[in-house]
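Q: Take a look at the following structure, please.
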Amino acid sequence: MNDRLDDLRALIAKGKYKKALPLLKKFNQKSQQLSYESLEMEAGCLFFEGQYRLSRIKTQQALRLATLPEQKIACLGNMAKASEKAGDKKDALQCLCELVKQDPGGQYLEPRLVALQLAYQLQDWEIIQQIGPSLVKFTAFATPSLLIMAQAAISQGESTLALKHLDTITRQIRMNEQHIIKPDEVISLFACYKALSAYTAMEELLEKLKPAFEQSDWFRQLVHGLSSESTGVSSSSATTAGKIGNGQPPIIRGNNAGAIKALTSLSRTMLQLGARFHSALVFEVDGDDICVKLSQSEAIGGTGMDIPLKCLPVLSDYRFYLSSEYNLNFAVSKHPLNEAAKPILQDLVELYNACNKLASWRKSYPLFSLTGIRPVFDKLLQARCDAEYYQACYADSADAIDEQVLISSFFNSRILQLDSGLIQDLGGKPRHSTELVFIPMIELINHKMGAPGFLLDRSRLCIQTKYESGAEGDELFVQYNLDDPVVTLLRYGFFDASVSWIYTVPLVLNTTTGLTLVVHNQVKQAGSNVVPEHLRDIPEHYPAILVREGSDVYLSKLVIPGKSQINALPRVIAEVLKSVDVEHNFQNTDILNAEVEHLMSQLLDANQQYWQDLDVCIKQQQTSSNRIPEATFEILSKLCEFCSDHLASYVANSGYAR
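Heads up: the sequence shown runs through residues 75 to 732, numbered per my numbering.
This is the structure:
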């Protein structure tokens, strides 16, 4: 038994986690008495294979068998890492707080700093107050701890306390020529001072830091940014707060120096081309993630950004390719349609690379994570009539994912379609009837159904974003499109459970009179000239395309609504039948209603069966050796559950029994 464990240790030491994992599982299953070490080894392999939730479970099992204090601390630290990777920051913080309790002597400082960072992200001010002061006395941890404590104080409106923490850092820099401060810490320090309008402190600190950093690009950029904002901003901030169009760059802060540098350059280049940002916007960088928040409370909503179309790089103006580590590069095509936007694209590409966006997308996009799992891939795409578009995303292995497919799928949530007339207004000669353009800065606002959308102002040739009222620190959202969960998953890579409706899956329905209804689910809304007047209250439910050829009727979509519009579907089906009824079979109301009920029964049966079949398919896959990655399995399971529950709720509330 020990020899076998030695062999497994050797595999892990060589980094062969994938090979060691099934052997460890078998070893632990056959062991009459589980050991702390073997469970920790299995948990480690699961972690390196990206199965973070399972890794956390196995580590917790190992924790129960741990006898030494250092073993318990190691387990709690690993549980926190797994939970954070799985996106459960709250659980990660709880694990780290338990670790702190197990370490009363304060020997393990790094986990304490991570706990502090998580507490700030979760706005757990109490934990910051508990842990922060104990780290300040250690030189290597003093600056990051004080910065987090200052940011927390700013978020709570305690400006005096925030200045105290910031001045402690500044004092240490002044007193100690050897004081080590990282570029991202300098940027965060100035962002905090700026949020407090402490411009004198900023100027004094700049002079102190110049000898050490003046040759660095990031520092020169910082100095340039501060010098373009005169110190008089402090006295006039009250008059500009809440307004857009003052020509000032937005607040940018966070812990990724490369991303902050790219964002700062991007915003300034856009300002030069006429872009305007609301003074209450703050772009917050957390590692590789960026979100947009309110830097101050806003009692009413308004315009968040005003971006001229000349700031939008045209996709067809460039050829994109990847270099090592999945960094994005581009070359300019001949005769670009919007040459002025080239510097903006350069900053945008640098931002993507600083945040490892392409590498992250390759790992997280659900279709790419189904490499080598053809049955699930094909079954999932059966939910869409445009499945052919996504077929290129399939590969037999991760290494075989096509580079251009990776790039184009990543761009899907970052581009907007404009008609050729708008491109002509920019001075270019459009190559097609429509062109795809990037939407820099705007794309950084996360999606939420029901949030304000983009507003295209054709007269001023600009795009505006709107924001709703909120408190300081509230995240701002935008609704990308009116999509159901399947489209959102395939296009943007995440599961959205906030919608109150779903598209029907592609299917064929048969009437009792011999008509065949071929139903698709195209993402296209019917124009106002297409929707019958008595259905104008539900225009998004009516198919944009409705054509009869012989006994076949083609519908571009049907929607299964939520409770608030429960009758929308039978109303649309009834209208479809009447509009193609050249034989006059459905002039009688009773016959029409019976036919609608007949078709509804088929439709609900087919949809429920599809989601049950997909659920079985993904669960069966998990019993094979080629399992779906845990994160993707969880997303697909939630998708099946959501759609099945939606259908069950519709049946219960509509009265159309299956």
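Ideal placement from N, C-alpha and C gives every residue a C-beta, glycine not left out.
Given the structure is predicted, the values throughout are model-derived calculations rather than measurements.
#1: Does the segment 670-687 touch the segment 700-711, meaning 3 or more C-beta pairs lie closer than 8 Å?
#2: What are the boundary residues of the beta strand (DSSP E) that includes Met379?
#3: Quick test of your reading: Lys146 and Gln176, contact by CB under 8 Å. State the CB separation rounded to the nearest angstrom.
#4: Residues in its own chain within less than 6 Å of Arg565 by CB, not counting five upstream and five downstream?
#5: Look at the alpha carbon of Asn584 and the alpha carbon of Val597, and state the distance between them as a whole number of angstroms.
#6: Given Ala160, which residues of its chain have a CB within under 6 Å of its CB, disregarding the five upstream and five downstream residues?
#7: If I measure Cβ to Cβ from Ile255 and keep anything under 6 Å in the same chain, skipping five residues before and after, which residues do I get?
#8: For my contact list, Ile497 and Leu411 are in at a C-beta cut-off of 8 Å; report their separation, rounded to the angstrom.
#9: Leaving aside the five residues before and after Phe215 along the sequence, list all residues of the same chain whose C-beta is less than 6 Å from its C-beta, in chain order.
#10: Just to confirm the assignment, what range does the alpha helix (DSSP H) spanning Gly495 have?
#11: Under 8 Å between the Cβ atoms of Ser483 and Cys467?
#12: In whole angstroms, give me the CA-to-CA distance for Phe551 and His521.
#13: Return the bridge partner residues of Tyr392 from the DSSP annotation.
#14: With DSSP as the reference, please indicate the residues paired to Cys365 in a beta bridge.
#15: What's the gap between the Cα of Ser308 and the Cα of Cys266?
#16: If you count every other CB in all the chains shown that lies within 10 Å of the CB of Tyr463, and 16 or more means buried, which is it?
#17: Of the residues Gln456, Val450, Arg488, which one's Cα is nearest the Cα of Asp470?
#18: Just tell me which of Val260, Leu235, Leu237, Ala236 has its CA closest to the CA of Ile247.
#19: Tell me whether the beta-carbon of Ala349 lies closer than 8 Å to the beta-carbon of Pro387.
#20: Hey, would you say Leu713 sits closer than 8 Å to Pro559, going by beta carbons?
#21: Indicate the three-state DSSP secondary structure (helix, strand or coil) for His506 in the structure shown.
#22: Note down the Cα distance separating Ile665 from Glu546, rounded to an integer number of angstroms.
#23: At the level of alpha carbons, what is the spacing between Leu454 and Ile709?
#24: Which residues does DSSP pair with His521 in a beta bridge?
#25: My output table needs one value for Phe101: the three-state DSSP class, helix, strand or coil.
#26: Does the segment 347-362 come within contact of the segment 388-397, defined as at least 3 CB pairs closer than 8 Å?
#27: What would DSSP say about Ile640, mapped onto helix, strand or coil?
#28: By a C-beta neighbour count over all protein chains shown, 10 Å radius and 16 as the cutoff for buried, is Ala312 buried or exposed?
#29: Determine the extent of the alpha helix (DSSP H) in which Tyr194 is found, giving its start and end residues.
#30: Taking only three categories from DSSP, how would you classify Leu220?
#31: Given a threshold of 16 other Cβ atoms within 10 Å of its Cβ, counted over all protein chains shown, does Lys408 qualify as buried or as exposed?
#32: Okay, do the segment 584-594 and the segment 609-616 touch, 3+ Cβ pairs below 8 Å being the bar?
#33: So, helix, strand or coil for Leu620, using DSSP?
#34: If you measure between the beta carbons of Glu660 and Glu669, is that distance less than 8 Å?
#35: For Val621, count neighbouring C-beta atoms within 10 Å of its own C-beta (all shown protein chains included) and say buried if the count is 16 or more, exposed if not.
#36: By DSSP, does Val656 sit in helix, in strand, or in coil?
A: Well, looking at it:
#1: no
#2: 376-382
#3: 5 Å
#4: Asn486
#5: 24 Å
#6: Tyr126, Arg127
#7: Thr217
#8: 6 Å
#9: Leu183, Leu187, Leu209
#10: 494-499
#11: yes
#12: 6 Å
#13: Val406
#14: Glu358
#15: Residue confidence is low: Ser308 scores 30 on pLDDT, short of 50, so the model does not pin down where it sits. Its coordinate-derived value is still stated next. The alpha-carbon atoms of Ser308 and Cys266 are separated by roughly 14 Å.
#16: exposed
#17: Val450
#18: Val260
#19: no
#20: yes
#21: coil
#22: 59 Å
#23: 12 Å
#24: Val552
#25: helix
#26: no
#27: coil
#28: Unreliable placement is indicated for Ala312, whose pLDDT of 30 sits below 50; no coordinate value is reported for it.
#29: 184-195
#30: helix
#31: exposed
#32: no
#33: strand
#34: Contrary to the premise, residue 660 reads as Phe rather than Glu in this sequence. For Phe660 and Glu669, yes; Cβs fall inside 8 Å.
#35: exposed
#36: coil
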